[in-house]
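A.B. asks: Before I ask anything, let me first share the structure, which is written out below as C-alpha cells.
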Amino acid sequence: FPVAPETEDERKTLEFVESYLQNFYDLQMDHHPHFKTKSENHLVEKLKEMQAFFGLQVTGKPDLDTLEMMKKPRCGIPDIGQYM
Amino acid sequence: FTPGNPKWKRNHLTYRILNYTPKMRKADVDEAVQKAISVWSNVIPLTFQKVEDKEADIKISFAYRDHRDNSPFDGPNGQLAHAFQPGEGYGGDVHLDEEEAWTKDGTGYNLFLVIAHELGHSLGLSHSNDPGALMYPAYSYTDPSEFHLPQDDIDGIQAIYGHSNTTVQPTGPTTPQACDPNLTFDAVTTLRGEIIFFKGRYMLRKHPARAETELNFISLFWPKLPSEIQAAYENVERDEVLLFKEDKYWVLRGYDIAPGYPKPIYRLGFPKTVKRVNAVYSDETTGKTYFFVADRYWRYDENKRSMDPGYPRKIVSHFGKIGRVDAAFQKDGYVYFFHGKTQFQFDPHAKRIVGQMESISWFNC
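Top to bottom, those sequences are chains F and L.
Read left to right, the first sequence gives residues 72 to 155 (the working numbering).
Read left to right, the second sequence gives residues 35 to 399 (the working numbering).
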C-alpha cells in the first residue's frame, strides 16, 4: 500500500483513509507528482501511528479492522494552529 | 495529555451555553451540560459557574459545517464534536455538530456523554487509548444513569489539577484486560459456539477458532441490557440466552432482546426470599439447569419449565468444595465454575472436580 489504486473502490478507500488521517492525525499530503513518494511514506507512517494508538495490528495497510475503526463516529481534532 | 500541558490557571471557571439544538428540549440540554460539568468537578478542585450574558471561559455551542474555526464539521456521523484546549478566546470552547442526532438516551448520540468527553479537552486532556475511558476518541454508549468516570480519566485529570477536595477520593471503573491474572467475572455463558464473559459494562468474547479475545461494551450489542450482569446461560435447543441481574431476567433470542423482558425471576419458580442469582449453567444433555444462590443451588427442568422438587440443596453436597460461585457454564461435557481468580472444572458424570486453573485460562495468555 499505497499501490496506485486500480479500482474505483480502492480509490475511494484511499481517499477515505487520507481524509481520516488528515482530520485526526495531521497528515500533510502533497499530490504534486514530484512529492508523491514522500507523501505516500508519510501516509503509511500516520496509518501506523493510528493503528498503534487503537491497539490494531500495525501493518501500514488499511485492513478491515483499521477501516472499521476509522468508520466509528468520534471526536474531532480542531485546528488549534489558527487560534494559537 | 495535550502537548504543552495547557491548563487553566484559575480554579473557578465559568461556562455558557451559546445556543441550543432543536432536536432536544432546552431543559434536557441544560441537564446534559450540568451533568457533564459535574463529571469533572467531582474529581478535581475546580468549580464551574454557569453564566448567561457575558464572556465565559468555556463556551458550548452547536455549529454547522464550516463554522469559522478552520475545522469544519462533516455532517451526520463521522466527527461529532470538538473542543479547544484551555486558553483565552476559543480556548476551552466546545463545538457540537448540529447535524448529529442528539438525544438524552441510547438512540442517536447521547449529548451528555459527548459533552463530558469534550470538556475533558476543554480542561487540557487529549485522547486516551483505553477503550473504556471517557477520553477514548470513538463514541460508545453508556446509560447516563449508570455512568461513572473511569479511573483512567480520573488519573489523567488529577495529574493536571490535583485531587478533589473531598475527604474520600473518588475512584472509577477500570477496563478489563484479558490477561490480568486478577481478572474475575460477573457471569459467563456460551452463545452459538462462542463463550461470553461478562464484567461490569464489558463483555469479553472468545471464539474457539480465534486466538485473540474481543473486548466490547455490552451496550454495543444490547443497548437495553444493564451492566453488571450477574448470571447467564444458553438454552441451545431454544437458541436462547437468559441473563440475570438482581430479581429480573432478560431473554436473548439470536442477537436481540426478546420483547416483554425483563421479567421477575419468580416466574421460574424461585421463592420471594431469593433476591438474585449468583451463577447458572444448563446441561443440554439432561435438560436440567442449575441455579446457584449463596451456598445453595436449585435445579430447573427446561422441558417442564419448572423447578424440580426437593430443592434448594447445599452446593457442597453435590459439587464439592467450590465455595460461592461467581459464574458457571458448561462446555464439551464439563462444567466450569468461577470463584474469584480460580476456575474449577467439574465432571458431572464422575460428580467431582477434575481440574483447577486460573479464571483467565480461556484467553491464551
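C-beta atoms are modelled at their ideal positions from N, C-alpha and C, and glycine is treated no differently.
The structure displayed is predicted, hence computed values, not measured ones.
So, with DSSP's three-state summary, where would you put Pro382(L)?
C.D. replies: Coil.
A.B. asks: Between the alpha carbons of Leu85(F) and Gly112(L), how many angstroms are there, rounded?
C.D. replies: Near 17 Å, if we compare the C-alpha coordinates of Gly112(L) and Leu85(F).
A.B. asks: With H, G and I counted as helix, E and B as strand and the rest as coil, what does DSSP make of Gly389(L)?
C.D. replies: Here Gly389(L) sits in strand by DSSP.
A.B. asks: Among Gly321(L), Ser174(L), Arg330(L), which one has its Cα closest to the Cα of Ala313(L)?
C.D. replies: Among Gly321(L), Ser174(L), Arg330(L), the Cα nearest to that of Ala313(L) is on Arg330(L).
A.B. asks: Could you confirm whether any beta carbon from chain F is found closer than 8 Å to the beta carbon of Ala115(L)?
C.D. replies: Yes, Ala115(L) lies at the interface with chain F (some Cβ there is under 8 Å from its Cβ).
A.B. asks: Mind listing the chain F neighbours of Ala172(L)? Cutoff is C-beta to C-beta under 9 Å, in chain order.
C.D. replies: Simply Phe125, Met140, Lys143, Pro144, Arg145, Cys146.
A.B. asks: May I have the straight-line CA-CA distance separating Ile263(L) from Thr176(L), to the nearest angstrom?
C.D. replies: Distance between the alpha carbons of Ile263(L) and Thr176(L): 14 Å.
A.B. asks: For Asn144(L), is the classification buried or exposed, using 16 other Cβ atoms within 10 angstroms of its Cβ as the cut-off for buried?
C.D. replies: Result: buried.
A.B. asks: Alpha carbon to alpha carbon, how far is Pro22(L) from Gly109(L)?
C.D. replies: Past the edges of chain L, shown from 35 to 399, lies residue 22(L), and the structure says nothing about it.
A.B. asks: If contacts are defined as beta-carbon pairs under 8 Å, then Phe372(L) and Thr224(L) qualify, I think. What distance do you get, rounded to the angstrom?
C.D. replies: At roughly 14 Å, the Cβ-Cβ gap does not stay under 8 Å, so Phe372(L) and Thr224(L) are not in contact.
A.B. asks: Nearest-angstrom Cα distance between Phe72(F) and Pro133(F)?
C.D. replies: Residue confidence for Phe72(F) is low, a pLDDT of 44 falling below 50, so the modelled location carries little weight and cannot support an answer.
A.B. asks: Along the alpha helix (DSSP H) that carries His155(L), what are the first and last residues, could you check?
C.D. replies: Taken as a continuous stretch (DSSP letters only), the alpha helix (DSSP H) holding His155(L) covers 145-156.
A.B. asks: Please report the straight-line C-alpha distance between Ser174(L) and Ser351(L), rounded to a whole angstrom.
C.D. replies: Distance between the alpha carbons of Ser174(L) and Ser351(L) is about 45 Å.
A.B. asks: Which of helix, strand or coil does DSSP assign to Phe72(F)?
C.D. replies: Low per-residue confidence applies at Phe72(F): pLDDT is 44, beneath 50, and the placement is therefore not dependable, though the value from the model is reported in the following sentence. Three-state DSSP puts Phe72(F) in coil, outside helix and strand.
A.B. asks: Can the beta-carbon of Phe181(L) be found closer than 8 Å to that of Glu132(L)?
C.D. replies: The answer is no: Cβ separation not under 8 Å.
A.B. asks: For Phe146(L), which of Leu302(L), Ala266(L), Leu276(L), Trp74(L) has the nearest alpha-carbon?
C.D. replies: Of the listed residues, the one whose Cα sits closest to Phe146(L) is Trp74(L).
A.B. asks: Taking the runs of the beta strand (DSSP E) that are 3 residues or longer, which of them lie wholly in the region 190-253 of chain L?
C.D. replies: Runs found: 221-225, 228-233, 236-240, 248-251.
A.B. asks: Could you tell me whether the Cβ atoms of Gln119(L) and Gly158(L) are closer together than 8 Å?
C.D. replies: Cβ atoms of Gln119(L) and Gly158(L): closer than 8 Å.
A.B. asks: Starting from Leu114(L) and walking both ways along the beta strand (DSSP E), at which residues does that stretch end?
C.D. replies: First-last of the beta strand (DSSP E) with Leu114(L): 113-117.
A.B. asks: Examine chain F for any beta-carbon lying closer than 8 Å to the beta-carbon of Phe118(L), and answer yes or no.
C.D. replies: Phe118(L) counts as touching chain F.
A.B. asks: My guess is that Asp29(L) and Met169(L) are in contact by the Cβ rule of under 8 Å, so how many angstroms apart are they, rounded?
C.D. replies: Here chain L comprises residues numbered 35 to 399, so residue 29(L) is not present and cannot be evaluated.
A.B. asks: Give the residues from the region 138-153 of chain L that approach chain F closer than 9 Å (Cβ to any Cβ), ordered along the chain.
C.D. replies: So the list reads Tyr143, Val148, His151, Glu152, given in the order they occur along the chain.
A.B. asks: Going along chain F, which residues have a C-beta under 9 Å from Gly126(L)?
C.D. replies: Neighbours of Gly126(L) on chain F: none; closest Cβ ~11 Å, over 9 Å.
A.B. asks: Is it buried or exposed, Asp366(L), if we count other Cβ atoms within 10 angstroms and call 16 or more buried?
C.D. replies: Answer is exposed; the Cβ neighbour count stays below 16.
A.B. asks: Looking at the secondary structure, which residues open and close the beta strand (DSSP E) in which Lys83(F) lies?
C.D. replies: From DSSP, Lys83(F) is part of no beta strand (DSSP E) but of the alpha helix (DSSP H) over 79-96.
A.B. asks: Considering only residues of the same chain and omitting the five flanking positions on each side of Arg310(L), which have a CB-CB separation below 7 Å?
C.D. replies: Cβ neighbours of Arg310(L) beyond the five flanking positions: Gln264, Glu280, Asp281.
A.B. asks: For Asn112(F), which three-state DSSP category applies?
C.D. replies: Here Asn112(F) sits in helix by DSSP.
A.B. asks: So within the region 65-138 of chain L, which uninterrupted beta strand (DSSP E) runs reach at least 3 residues, ignoring any that extend past its ends?
C.D. replies: List check, beta strand (DSSP E) in window: 81-84, 92-97, 113-117, 128-131.
A.B. asks: Is it true that the region 378-393 of chain L meets the region 331-344 of chain L, where meeting means three or more beta-carbon pairs spaced less than 8 Å apart?
C.D. replies: The region 378-393 of chain L vs the region 331-344 of chain L: no contact.
A.B. asks: Helix, strand or coil for His352(L)? Go by DSSP, reduced to three states.
C.D. replies: Here His352(L) sits in helix by DSSP.
A.B. asks: Take Thr137(L) as the anchor and find which of Arg59(L), Thr205(L), Asp100(L) has the nearest alpha-carbon.
C.D. replies: Selected option, being the one with the closest Cα: Arg59(L).
A.B. asks: What residue range is occupied by the uninterrupted beta strand (DSSP E) comprising Asp335(L)?
C.D. replies: Here the beta strand (DSSP E) through Asp335(L) covers 330-335.
A.B. asks: Take Tyr54(L) and list the residues in its own chain whose beta-carbon comes closer than 8 Å to its own, dropping the five residues that flank it on each side.
C.D. replies: Within the same chain, Tyr54(L) has close Cβ partners Lys60, Val63, Phe96.
A.B. asks: Using the Cα positions of Phe440(L) and Gly166(L), report the straight-line distance between them to the nearest angstrom.
C.D. replies: Because chain L in this structure spans residues 35 to 399, residue 440(L) falls outside the shown range and cannot be described.
A.B. asks: Can the beta-carbon of Tyr283(L) be found less than 8 Å from the beta-carbon of Pro296(L)?
C.D. replies: Yes.
A.B. asks: With C-beta atoms as the reference, is Gly126(F) less than 8 Å away from Asn163(L)?
C.D. replies: Contact flag set, yes.
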